[in-house]
Ligand SMILES: [Ca+2]
Ligand SMILES: [Ca+2]
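Numbering (my numbering), first residue to last: 6 to 420.
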């Protein structure tokens with residue numbers, strides 16, 4: 006019996022494992038596509054060079070030079086390794102490789118984990134290679150994911166043929182971006198199940214980088230009737246409901262502000278677009294103090310900023326709101342996105358369905374973005390690249406030794 010049970014457990018495990026892996030494939034791919042090329046990285050390191058080429062040198066737009074030595078195949082995984090070492094005029098090294106084979110149209114999928122540090126760019130992407138213009142369409146780049154630790158997925162489509170020079174001498178090219186910050190959002194509305202009475206509340210965040218809070222609202226009891234947190238006119242939307250944080254006798258103190266610009270007043274001016282910009286370093290906090298006890302039924306705040314395409318940027322990854330109760334700080338609301346979305350801790354799959362008409366992006370088999378294909382009509386290698394960059398959080402020594410870990414890359418073609 007014991008043996009039988011064991012076999013059953015093994016079968017159950019195989020079923021579970023294969024189930025979770027096939028479940029990642031989009032329906033359309035399952036039905037109409039077949040696997041024609043893959044790399045599982047299940048071979049000795051030196052065999053990597055059969056199918057992949059490696060960068061060996063610096064790159065001006067990022068903070069690291071990239072070398073074959075930073076690329077390691079081991080135990081069924083490909084590691085792109087960040088190191089703090091001076092080489093080729095840069096302070097850091099990392100790895101970037103591309104397939105010798107060229108691909109066109111199909112479903113591209115990669116299963117990987119991010120390097121576990123901010124300021125790293127963990128990318129699975131396509132880009133035409135070679136100097137000339139392609140016969141059809143433009144030179145292009147499709148970033149299936151430029152992943153930023155811990156929770157961000159970034160997709161891009163770049164046109165590298167139509168470069169123009171702006172009046173101030175900068176190179177520009179047409180591109181479109183859509184980003185996703187899993188587990189984070191721009192507006193939080195925290196309705197208290199049990200109202201609290203207090204004279205003091207505080208907001209804290211360990212977010213590494215500087216961030217922006219557009220508005221901070223504290224409401225009394227109002228039968229659950231509070232404004233839509235993202236409403237531009239929230240302060241006037243509900244008759245007779247006043248933001249207690251904006252009362253005259255409130256004292257607002259903070260951990261600091263960007264360039265000491267005292268932007269705390271922007272938290273309570275009713276305008277979501279004017280913001281408190283925090284200082285760069287250290288913990289960030291805000292404290293509100295009233296002369297007399299207030300009763301709190303709801304707290305709302307806005308963070309991040311929105312670009313013209315509707316994307317939100319710089320959304321905070323953690324916060325804690327507390328109130329003072331008899332000399333003791335007690336939690337009202339706590340968020341830490343890495344509890345649910347830590348893409349360095351868990352493997353996820355990033356996919357792209359590319360045909361003559363459309364470019365469709367997937368995350369764990371779910372469609373996240375769909376665009377018309379306007380100029381991506383020629384063959385490209387598949388690229389796997391790790392980089393250290395300035396625009397995804399502060400660059401710190403904890404990057405040293407982290408790695409992007411790739412389980413596999415697969416390419417499916419239409420049956
Ligand atoms: Ca404001
Ligand atoms: Ca593998």
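Don't be surprised by glycine CBs; every beta carbon is placed ideally from N, CA and C.
Leaving aside the five residues that flank residue 418 on each side, the residues in its chain whose CB is nearer than 7 Å to its CB run, in chain order, 38, 39, 41, 111. It is roughly 9 Å from the alpha-carbon of residue 130 to the alpha-carbon of residue 103. As computed with DSSP, residue 376 is found in a beta bridge with 364. Residue burial annotation: residue 162 is buried, with at least 16 other C-beta atoms found within 10 angstroms of its C-beta. Counting C-beta pairs closer than 8 Å gives three or more between the segment 384-400 and the segment 59-78, which meets the contact rule. Distances between the C-beta of residue 45 and the heavy atoms of ligand 2 include at least one below 8 Å. For the 9 Å CB-CB criterion, residue 336 and residue 327 form a contact. Exclusion of the five residues before and after residue 53 leaves 78 as the residues of its chain whose Cβ lies within less than 6 Å of its Cβ. Within 8 Å of the C-beta of residue 220 there is at least one heavy atom belonging to ligand 1. Of the candidates 355, 353, 323, 362, 323 places its Cα closest to the Cα of residue 344. Assignment of beta-bridge partners to residue 32 by DSSP yields no partner.
Inclusion of residue 225 and residue 273 in the CB contact set at 9 Å is not warranted, their separation being larger than that value. Distance from the CA atom of residue 211 to the CA atom of residue 348, rounded to whole angstroms, is 19 Å. Shown here, residue 268 sits in a helix according to DSSP, grouped into three states.
Within the model, the alpha-carbon separation for residue 181 versus residue 375 is close to 12 Å.
Annotation for residue 241: the continuous alpha helix (DSSP H) segment containing it runs 239-242. In the DSSP secondary-structure assignment, residue 186 is bridged to 157. When C-beta atoms of the segment 190-200 are compared with those of the segment 306-314, three or more pairs fall below 8 Å, so the two segments count as touching. The residues 227, 230, 231, 232, in chain order, have a CB closer than 8 Å to that of residue 243 in the same chain once the five nearest residues on each side in sequence are set aside. Pairing residue 401 with residue 124 gives a Cβ-Cβ distance under 9 Å.
Inclusion of residue 105 and residue 56 in the CB contact set at 9 Å is warranted, their separation being smaller than that value. Looking at the DSSP output, residue 392 shares a beta bridge with 126.
About 4 Å separates the Cβ atoms of residue 159 and residue 151, confirming a contact at the 8 Å cut-off.
Between the segment 81-89 and the segment 376-388 there are fewer than three C-beta pairs closer than 8 Å, too few to call the two in contact. In the DSSP assignment, residue 63 forms a beta bridge with 70. Here the C-alpha atom of residue 97 lies approximately 28 Å from the C-alpha atom of residue 174.
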